[in-house]
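Visitor: In full-length UniProt numbering, the protein residues as written are 1 to 631. Mind having a look at this structure? Questions to follow.
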Amino acid sequence: MIVGTLYGFDQFINLVVDNTVEVNGNEKTNIGVVGWDTYDFGCKGPANKNALLYHIPLRSYTTCFSPFGQNLSFASASPRLSGPAKLITFYQRNFTDQTLSLLNLRAFSNNSRHRLALEVLLKSLSNLFVANLLRVSQLNAAMASQSSHGNFMKNFLIPAHVLVPESVVEGSNIDIDGPEYPVLVFVNSKSGGQLGGDLLKTYHELLNENQVFDLGKEAPDKVLSRIYVNLENLKLKGDRIAIKVMEKLRLIVAGGDGTAGWLLGVVCDLKLSHPPPIATVPLGTGNNLPFAFGWGKKNPGTDEQSVKSFMHQVMKAKEMKIDNWHILMRMRAPKVGDCDPIPPLELPHSLHAFHRVSEADELSMEGCHTFRGGFWNYFSMGMDAQISYAFHSERKLHPEKFKNQLVNQSTYAKLGCTQGWFFAPLFHPPSRNIAHIAKVKVMKRHGHWEDLPIPSSIRSIVCLNLPSFSGGLNPWGTPIKHKRRDRDLTPPYVDDGLIEVVGFRDAWHGLVLLSPNGHGTRLAQAHRIRFEFHKGAAEHTFMRIDGEPWKQPLPVDDDTVLVEISHHGQVNMLATHESKSKSVNDPSSPHHNDVEEDDSDDEDSKADEFRKFGAAETFKIPDNVDLSHLS
C-alpha cells in the first residue's frame with residue numbers, strides 16, 4: 001500500500017513513500033517529508049526505484065473527515081492529483097494505543113537547518129493521523145448506530161404539511177413525534193463551480209424536497225416568511241409537530257460568505273421570538289464565516305456520505321450568539337436632477353446587505369440620501385477594499401477567466417502588486433491615507449464620542465467582529481496581559497457588543513498575519529465607530545462589507561458623507577467544538593484565562609516584513625454576493 005491524503009495543513013508537502021513491507025502480517029509504510037511545495041498539484045515520482053514522490057494537498061482534519069468517504073481506505077485518486085492514481089491507504093489495525101506503531105515517519109534532508117523543523121512537523125502529522133482516525137472511527141460508530149435503526153435522517157425530516165399549506169400529512173417515513181433536529185437547507189447552486197448544484201441534488205435525495213431550496217430560484221425571505229406563517233397557523237390548531245419544529249428548527253446555508261450574510265440578514269429582519277441558529281457549509285473562496293465557527297474553509301464533499309457527516313456535525317453543534325452590526329451611510333443629495341450620488345453598479349452587489357432608506361424611514365434626513373445595511377464579520381476601507389474592487393471588476397468583465405481557484409488567487413495577488421500596495425509609499429500619496437480623508441470617532445462608553453487618532457501611515461482600516469478575515473486570518477490576535485491592562489483592551493469575543501478596529505500600512509504589513517501571533521495595528525475596541533469624511537481630500541475611496549466591495553464617492557465641496565457603525569442586536573449561529581469564535585458567556589473559552597502570547601509590536605520592522613514574505617493570504621479573494629457571481 002502507499003500513502004494518500006494527509007490532513008491538518010493548508011499547504012502542500014512533498015512525501016516520499018517507500019515500498020511497503022510486512023511486519024507480523026501487517027503492512028508497514030515509510031514516509032519521508034522532503035520539503036514544502038505550495039500550490040503544486042502534480043506528481044513528480046518516482047524519486048527512485050524503491051520510492052514514489054508525491055505532492056499531496058493537506059486538508060484540515062477539523063473540516064472534513066474524508067472527501068472519499070468515512071473510512072480511510074481510498075479506492076480512487078484525488079481530483080487534486082495528477083499522475084498515478086494511487087493514494088495513501090491506512091488500516092485501523094495499524095494504529096494501537098493511539099500510537100503509530102506500524103507507521104514509521106522519517107525525515108529525509110541533507111540540510112541540518114531543516115531537520116529539526118521536519119522532525120517537529122512529522123510529530124504533528126503523527127498526532128493528526130491518530131486524532132483524525134479516532135474522530136472518523138467515532139463518527140462511523142455513531143452513524144452506524146443510527147443507520148442500523150434506520151432513523152438517522154428521520155432526525156432532520158420535516159413533514160410536508162408543516163412546510164406547505166394544505167398538504168396531506170406524511171406517511172411512515174416521518175417520526176410521529178416530529179424530528180429532533182428539523183432543518184431547512186438553502187443552497188446557492190452557483191457557488192463552488194459545480195459543487196453547489198451537486199450538493200443541492202444530494203440534499204434533495206436525503207431530505208423532504210420541500211425543506212431544500214435553491215437560492216438561485218427562491219429568495220430566503222419569501223421562503224421563511226411562508227413557512228413561519230404556516231407554522232403559526234398550525235400552532236394555533238395545536239399541531240404538536242409544528243410546535244416542535246418552531247422550537248428546534250435549524251438552518252443550513254451552503255455558499256460563500258455573501259450567501260450566508262444574506263440568510264443572516266433575513267433572519268434578523270423577521271424579528272422572530274426564537275430565531276433559528278444557522279450552520280454554514282463552506283462553498284466560497286475565503287469562507288470566513290464557516291471557518292470562524294468550526295465548519296472549515298475547504299469546499300466539502302457533495303456525496304451522500306459527506307452530507308451525512310455534515311448533518312451529524314449539525315446535530316452535535318452548539319448555539320452561539322454573535323453581534324449584528326448596523327452600518328449607516330449618509331450623503332448630500334445632488335442639487336440638480338434626481339440621480340443617486342452612487343451609480344447602482346457601484347453599490348455592493350447584494351441589495352439585502354445595503355439599500356436606500358425611504359423618505360418615511362426614521363433614519364432619513366431631508367436633503368440627503370441615506371443607505372443602511374448590516375454585517376457580521378467585518379467592514380473595511382482603503383487598500384484591501386481597492387484590491388477587492390479591482391478583482392470584482394475584472395471578474396465581471398471576463399467571468400470566463402475565473403473558473404479556477406488557483407487562477408483567481410494568482411490574479412488577486414497580481415492586482416495587489418500592479419496597484420503598488422507592496423510599495424505603497426512610492427505609488428500612493430499620503431493624501432490617500434485614512435487619517436487624511438476622514439476623521440474617525442469611537443464610542444467606548446455609551447453616550448460618549450471621542451476622537452480616534454489614526455497613524456498617518458495607515459492605508460487600510462478594518463472593523464472586525466469575528467476572528468476570521470480574508471481566508472481565516474485574525475488581524476486582532478490576542479493581546480498579552482500587560483497590553484490589555486495598559487490600553488484598556490478586553491479579549492475579543494463575538495457577543496460582547498464591541499468591535500475591534502485594526503489598521504494596516506501596506507501589503508507587507510498584511511503579510512505579518514501569516515506569522516505566529518502576527519496582527520495588525522490595534523487601534524481600538526468600541527461599541528460604535530463613525531467616519532466623517534473631509535471635503536476635497538479625495539474623489540473617492542473603496543469600502544467593503546463581508547467581502548462585498550464598492551467604490552465610494554467622497555464630498556467635493558461639503559462635509560456631508562458620513563459612515564456610522566453601531567451594534568444592532570444578535571443572531572444565533574451553530575458552532576462546532578473547533579470554533580475559532582469565543583463567547584463572553586462561555587467559561588470554557590481559553591480567553592477567560594490570561595493567555596501570554598509572544599506578542600509582536602504593532603509596528604514591525606521592514607526587515608521582518610520582507611523576511612515573512614509569502615503568499616499574500618491577507619488579501620485573498622473575497623466572496624461575492626450577487627447570485628450570478630457568488631463564490
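We put the beta carbon where it would ideally sit given N, CA and C, even for glycine.
Output the distance between the C-alpha atoms of G284 and P491, rounded to the nearest integer angstrom.
Guide: Between G284 and P491, the C-alpha separation is close to 29 Å.
Visitor: Whole angstroms is fine: what's the gap from N233's alpha carbon to K414's?
Guide: Cα to Cα, N233 sits roughly 56 Å from K414.
Visitor: Confirm the yes/no value for this check: CB of E304, any heavy atom of the ligand ATP, distance under 6 Å.
Guide: Because no ligand of any kind appears in the structure shown, any question about the ligand ATP cannot be addressed here.
Visitor: Nearest CA to the CA of E578: which residue from A219, C268, N210 and G294?
Guide: Considering only alpha carbons, the answer is G294.
Visitor: Can you tell me whether P182 is buried or exposed? The criterion is at least 16 other CB atoms within 10 Å of its CB, across all chains shown.
Guide: With 16 or more other Cβ atoms within 10 Å, it is buried.
Visitor: Measuring only the C-alpha atoms, how far is R330 from L498?
Guide: About 23 Å.
Visitor: According to the neighbour-count rule (16 or more other Cβ atoms, all chains shown, within 10 Å of its Cβ), is Q556 buried or exposed?
Guide: Going by the sequence as given, residue 556 is Val instead of Gln. Exposed.
Visitor: Contact check, I437 vs F533 under 8 Å by CB: the rounded distance?
Guide: So it is a contact: roughly 6 Å between Cβ atoms.
Visitor: According to DSSP, is S388 part of a helix, a strand, or is it coil?
Guide: In this structure, S388 counts as helix in the three-state DSSP scheme.
Visitor: At 3 residues or longer, and completely inside the stretch 444 to 482: list those beta strand (DSSP E) runs for me, N to C.
Guide: DSSP runs (the beta strand (DSSP E)) wholly in the stretch 444 to 482: 448 to 451 and 460 to 464.
Visitor: List the residues that DSSP assigns as beta-bridge partners of K580.
Guide: Note: K580 sits in no beta bridge, so no partner.
Visitor: To the nearest whole angstrom, what separates the beta carbons of V502 and R530, a pair I think is in contact under 8 Å?
Guide: Contact flag wrong, Cβ pair sits at about 17 Å.
Visitor: Just curious, the alpha helix (DSSP H) that A538 is in, first and last residue?
Guide: Neither: A538 is in no alpha helix (DSSP H) and is coded neither H nor E.
Visitor: Do H527 and D323 count as a contact pair if the criterion is CB distance below 7 Å?
Guide: Contact: no.
Visitor: Which same chain residues end up closer than 7 Å to A575 when comparing Cβ atoms and leaving out the 5 residues on each side of it in sequence?
Guide: Within the same chain, A575 has close Cβ partners F293, G294, A317, K318, M320 and S581.
Visitor: For A524, collect the residues of the same chain with a Cβ closer than 6 Å to its Cβ; drop the 5 residues on either side in sequence, then sort them by chain order.
Guide: Correct list, in chain order: V442, L452 and V501.
Visitor: Assign K506 to buried or exposed, taking buried as 16 or more other Cβ atoms, counted over all protein chains shown, within 10 Å of its Cβ.
Guide: Contrary to the premise, residue 506 reads as Asp rather than Lys in this sequence. Buried, by the Cβ-count rule.
Visitor: Measure from the alpha carbon of S196 to the alpha carbon of each residue in R226, P282, P220 and D221, then state which is nearest.
Guide: Residue 196 is actually Gly in this sequence, not Ser. For the residues R226, P282, P220 and D221, the minimum Cα distance to G196 belongs to P282.
Visitor: Below 8 Å on the Cβ atoms is my guess for D257 versus G547; work out the distance and round it to an integer in Å.
Guide: About 5 Å; that satisfies the 8 Å criterion.
Visitor: Within this structure, are the beta carbons of D495 and V584 separated by less than 7 Å?
Guide: Yes, the pair counts as a contact, with Cβ atoms nearer than the cut-off.
Visitor: Would the beta-carbon of F379 fall within 7 Å of that of C463?
Guide: Yes, the Cβ-Cβ distance between F379 and C463 is below 7 Å.
Visitor: Which partner residues of G255 appear in the DSSP bridge assignment?
Guide: BP columns for G255 point to P282.
Visitor: Starting from the C-beta of N230, find all residues in its chain whose C-beta is less than 6 Å away, skip the five residues before and the five after it, and write them out in chain order.
Guide: Result list for N230: P165, in chain order.
Visitor: Spatial neighbours of I243 within its chain, please: C-beta separation below 7 Å, excluding the five flanking residues on both sides.
Guide: So the list reads K235, once near-sequence residues are dropped.
Visitor: Per DSSP, what are the beta-bridge partners of V440 in this structure?
Guide: DSSP output for V440 lists F531 as bridge partner(s).
Visitor: Given a cut-off of 7 Å, decide if V212 and V245 are closer than it, judged by their beta-carbon atoms.
Guide: Result no, Cβ atoms of V245 and V212 do not sit closer than 7 Å.
Visitor: Hey, R485 and M383: beta-carbon distance below 7 Å or not?
Guide: Taking 7 Å as the Cβ cut-off, R485 and M383 do not qualify as a contacting pair.
Visitor: Helix, strand or coil: how does DSSP classify K152 here?
Guide: According to the sequence shown, residue 152 is Phe rather than Lys. Of the three classes helix, strand and coil, the one that applies to F152 here is coil, per DSSP.
Visitor: For K235, report the span of its alpha helix (DSSP H) as first-last.
Guide: Taken as a continuous stretch (DSSP letters only), the alpha helix (DSSP H) holding K235 covers P220 to L236.
Visitor: Rounded to whole angstroms, what is the Cα-Cα separation between F158 and M573?
Guide: Inspection of the sequence shows that residue 158 is occupied by Ile rather than by Phe. Cα to Cα, the separation comes out at about 21 Å.
Visitor: Measure the C-alpha to C-alpha separation of S306 and P276 and round it to an integer number of angstroms.
Guide: The straight-line gap from Cα to Cα measures roughly 24 Å.
Visitor: Quick check: F156 and P179, are their CB atoms within less than 7 Å of each other?
Guide: Yes.
Visitor: Kindly indicate which three-state DSSP category W550 falls into: helix, strand or coil?
Guide: W550: strand per DSSP, three-state reduction.
Visitor: In terms of residues, what are the limits of the beta strand (DSSP E) holding T521?
Guide: Note, T521: beta strand (DSSP E), T521 to A526.
Visitor: Expressed to the nearest angstrom, what Euclidean distance is found between the alpha-carbon atoms of H274 and K551?
Guide: Spanning the two alpha carbons is a distance of roughly 37 Å.
Visitor: By Cβ distance, which residues of its chain are closer than 7 Å to V561, with the 5 residues on each side in sequence left out?
Guide: For V561, where only same-chain residues beyond five positions count, the Cβ hits under 7 Å are M331, F533, L554 and P555.
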